[in-house]
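See structure below.
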Amino acid sequence: MTTHGFTLTADGPFDFGASLRFVEEWPATSALPSDGRALRFAYCAESDWLPVGVSVTAAPGGVAVATTRAPGPALRGEVARILSLDVDGGGFAKLGEADPVLGDLQRRSPGLRPVCFWSPWEAACWAVIVQRSSMLIASKIKQRIAERFGAEVAVDGRAYAAFPPPMTLVDAGGLGLPAQKEEWLRGLARAALDGVLTTEHLRALPPEQALAELRALPGVGPFSAGLILIRGAGAPDAFPGDEPRLFAILREAYGLPEDAPPSAYRKLAETWRPYRSWASFLFRASTYGRD
Numbered sequence: 001m002t003t004h005g006f007t008l009t010a011d012g013p014f015d016f017g018a019s020l021r022f023v024e025e026w027p028a029t030s031a032l033p034s035d036g037r038a039l040r041f042a043y044c045a046e047s048d049w050l051p052v053g054v055s056v057t058a059a060p061g062g063v064a065v066a067t068t069r070a071p072g073p074a075l076r077g078e079v080a081r082i083l084s085l086d087v088d089g090g091g092f093a094k095l096g097e098a099d100p101v102l103g104d105l106q107r108r109s110p111g112l113r114p115v116c117f118w119s120p121w122e123a124a125c126w127a128v129i130v131q132r133s134s135m136l137i138a139s140k141i142k143q144r145i146a147e148r149f150g151a152e153v154a155v156d157g158r159a160y161a162a163f164p165p166p167m168t169l170v171d172a173g174g175l176g177l178p179a180q181k182e183e184w185l186r187g188l189a190r191a192a193l194d195g196v197l198t199t200e201h202l203r204a205l206p207p208e209q210a211l212a213e214l215r216a217l218p219g220v221g222p223f224s225a226g227l228i229l230i231r232g233a234g235a236p237d238a239f240p241g242d243e244p245r246l247f248a249i250l251r252e253a254y255g256l257p258e259d260a261p262p263s264a265y266r267k268l269a270e271t272w273r274p275y276r277s278w279a280s281f282l283f284r285a286s287t288y289g290r291d
């Protein structure tokens, strides 16, 4: 199969090796095989919902990308968003100089940027699938849906199943989920087809407005809304208003009282602007493989 190549360069510190190590521990990508050298996956491109295979390897100053389809600007932008290479990270390190707790995390994982879901649509589906389920079970269910309803794409000689596009799931049943979750996924598919669950739309809005729009979608609560905006659309400067797991991590890291209100966490996050999402990601990532 013909492949097409291009490079993406990083503005500011970036370590692709750190991204690979995160992917290996991230429950949402636990089905991906890894050789420690390349990130390989298949997904349905947000620009046209057609499947594409992607292989990413390290390159001087960034990454080298090979795709199974000719990469136009939209596809290049999507891969850049997935690796957070669409954001100038030059100022992120300075936050760690002012915040020694964050600075310690940066020193432990230098150059680690948020690794995002392949699309906000896929992030939204994960958010529904994982509700009241373990992440390991949710990962297996998501993979089964991809294998049954999605397209198979060969990447570097190996078959990868792309999670199905919204038009495939808008009327689908038999997904192996409770009836309520399947109905929520169909509602999210309609929202994606209406353009609500797209990177362009979500990042064009102020974060608070985007989170409010997302919370109005079926099956999407405060935690899911933050996941979709931050780890789906890749918004670099958003902070979820209510995420108990993140709040617990921050309580331990900063010695906050057990009864600290949500406003205390939002005040803390204000010092991370314009990288609130990136800082929050580092704190979450610091616990993977630990709990």
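Numbering follows the UniProt record's numbering, in which position 170 of the sequence shown is assigned residue number 170; successive positions increment by one, without gaps.
From the three backbone atoms N, C-alpha and C, an ideal C-beta is built for every residue, glycine too.
Identified DSSP bridge partners for residue i
i	result
residue 252	According to DSSP, residue 252 bridges with nothing at all.
residue 51	44
residue 162	Answer is none; residue 162 lacks a bridge partner.
residue 4	67
residue 152	161
residue 57	38, 64
Check whether residue i and residue j have beta carbons under 9 Å apart
i	j	result
residue 189	residue 166	yes
residue 8	residue 85	yes
residue 142	residue 116	no
residue 223	residue 269	no
residue 230	residue 280	yes
residue 40	residue 61	no
residue 183	residue 218	yes
residue 271	residue 10	no
residue 13	residue 164	no
residue 67	residue 157	no
residue 43	residue 33	no
residue 282	residue 112	yes
residue 146	residue 162	yes
residue 292	residue 91	The question about residue 292 has no answer here: the residues shown for the chain are numbered 1 through 291.
For residue i, three-class secondary structure by DSSP
i	result
residue 116	coil
residue 196	coil
residue 79	helix
residue 258	coil
residue 233	coil
residue 28	helix
residue 191	helix
residue 9	strand
residue 271	coil
residue 215	helix
residue 104	helix
residue 179	helix
residue 238	coil
residue 84	coil
Counted within 10 angstroms of its Cβ, other Cβ atoms place residue i as buried (16 or more) or exposed
i	result
residue 289	Since pLDDT at residue 289 reaches only 47, below the 50 mark, its modelled position is unreliable, and the value read off the structure follows with that caveat. Under this definition residue 289 is an exposed residue.
residue 94	exposed
residue 198	buried
residue 120	buried
residue 70	exposed
residue 209	exposed
residue 200	exposed
residue 263	exposed
residue 2	exposed
residue 174	exposed
residue 108	exposed
residue 16	buried
residue 245	exposed
Own chain, CB closer than 7 Å to residue i, minus 5 neighbours either side, in chain order
i	result
residue 265	247, 250
residue 221	215
Own chain residues within Cβ distance below 8 Å of residue i, not counting five before or after
i	result
residue 254	101, 268
residue 131	181, 219, 224
residue 159	152, 153
Own chain, CB closer than 6 Å to residue i, minus 5 neighbours either side, in chain order
i	result
residue 56	39, 63, 65
residue 192	121, 166
residue 149	164, 168
residue 29	23
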